[in-house]
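Here's the structure, in structure tokens; my notes come after.
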Amino acid sequence: MPFTPYHMGPAFPVKGASGARFSLLLYGYTQVLMDIEALYRILNHEPELHGFSHTFIGATLIGAVALVTGKPLVEFWLKCWNRLINITHAEQFLVVEKIHWKAALSTVAIGSWLHIVLDAIMHHDVHPFAPFSEANPFLRIIDVRELHLFCITTALFGLAWIGVASLLPVRRPEN
Ligand SMILES: [Zn+2]
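In case it helps, this note's numbering puts the sequence shown at residues 20 to 194.
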């Protein structure tokens, strides 16, 4: 699913359950990094779109890059957001600017590894355990329509969860 919003779906209930211990923005950033190789292959008209980036080893390395580069980037963006909010006096939209390292680590781990599983279900050219094995045990464990439905359903459910959580006085969607 290169560059489709479907990858974001399961992140929303995780955010609803985890609050500040999970960053939606950092998760999204990880999804983009994960598919840079696929974009390169699309632009070069290569027959197979998924290579090293779509293995668990590759995803772990990309997750590490996402952690080191994405955490400061997202925190900078959140800081800019709060400046804008302060200017417009819409304080109810203020967010927590800092992402704890543990939260960032779990976000990029979930983001990169779940990306592999979702793509491996859909694409025959994903080899999650390469170079040790070319097998893809995830391929079509559910069909593509069910996979898309799962992503859409989790997105809607998670958004509703985050919406309800944001109305509670002790919780708000930080990022
Ligand atoms: Zn992908």
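Heads up, the beta-carbon is just placed ideally off N, CA and C, and yes, glycines get one too.
From a predicted model like this one, the values you see are computed outputs, not experimental measurements.
Is the separation between the beta-carbon of residue i and that of residue j shorter than 8 Å?
{"i": "Gly28", "j": "Thr126", "result": "no"}
{"i": "Leu133", "j": "Val84", "result": "no"}
{"i": "Thr74", "j": "Phe148", "result": "yes"}
{"i": "Leu68", "j": "Ile61", "result": "yes"}
{"i": "Ile140", "j": "Phe157", "result": "yes"}
{"i": "Asn155", "j": "His146", "result": "yes"}
Which term fits residue i, buried or exposed, when burial requires 16 or more other beta carbons within 10 angstroms of its beta carbon?
{"i": "Ile55", "result": "exposed"}
{"i": "Gly89", "result": "buried"}
{"i": "Phe95", "result": "exposed"}
{"i": "Val163", "result": "exposed"}
{"i": "Cys99", "result": "exposed"}
{"i": "Gln111", "result": "exposed"}
{"i": "Phe31", "result": "buried"}
{"i": "Ser42", "result": "buried"}
{"i": "Ile106", "result": "exposed"}
{"i": "Gly35", "result": "buried"}
{"i": "Gly182", "result": "exposed"}
{"i": "His26", "result": "buried"}
{"i": "Ile171", "result": "exposed"}
{"i": "Ala122", "result": "buried"}
{"i": "Glu65", "result": "exposed"}
So residue i packs on residue j, CB below 8 Å; how close in whole Å?
{"i": "Leu124", "j": "Leu86", "result": "6 Å"}
{"i": "Ile104", "j": "Leu113", "result": "5 Å"}
{"i": "Gly70", "j": "Thr49", "result": "With 8 Å as the limit, Gly70 and Thr49 do not qualify as a contact, their Cβ atoms being about 17 Å apart."}
Looking only at C-alpha atoms, which of the options sits nearest to residue i?
{"i": "Trp120", "options": "Asn101, Arg40, Phe95, Cys99", "result": "Arg40"}
{"i": "Val33", "options": "Glu153, Gly130, Ile135", "result": "Gly130"}
{"i": "Phe169", "options": "His146, Ile61, Ala154, Leu137", "result": "Leu137"}
{"i": "Gly47", "options": "Val93, Ala179, Phe176", "result": "Val93"}
{"i": "Ile160", "options": "Glu153, His143, Ile181", "result": "His143"}
{"i": "Pro91", "options": "His108, Ser72, Leu45", "result": "Leu45"}
{"i": "Ser72", "options": "Glu65, Ile135, Pro66, Val115", "result": "Ile135"}
{"i": "Ile184", "options": "Ser37, Thr23, Pro24", "result": "Before going further, note that residue 184 is Ala rather than Ile in the sequence given. Nearest of Ser37, Thr23, Pro24 to Ala184, Cα basis: Ser37."}
{"i": "Pro24", "options": "His108, Val115, Leu175", "result": "Leu175"}
Taking only heavy atoms of ligand 3 into account, decide whether any of them is closer than 7 Å to the Cβ of residue i.
{"i": "Ala30", "result": "In the structure on display, ligand 3 does not appear, and the ligands it does have are ligand 1."}
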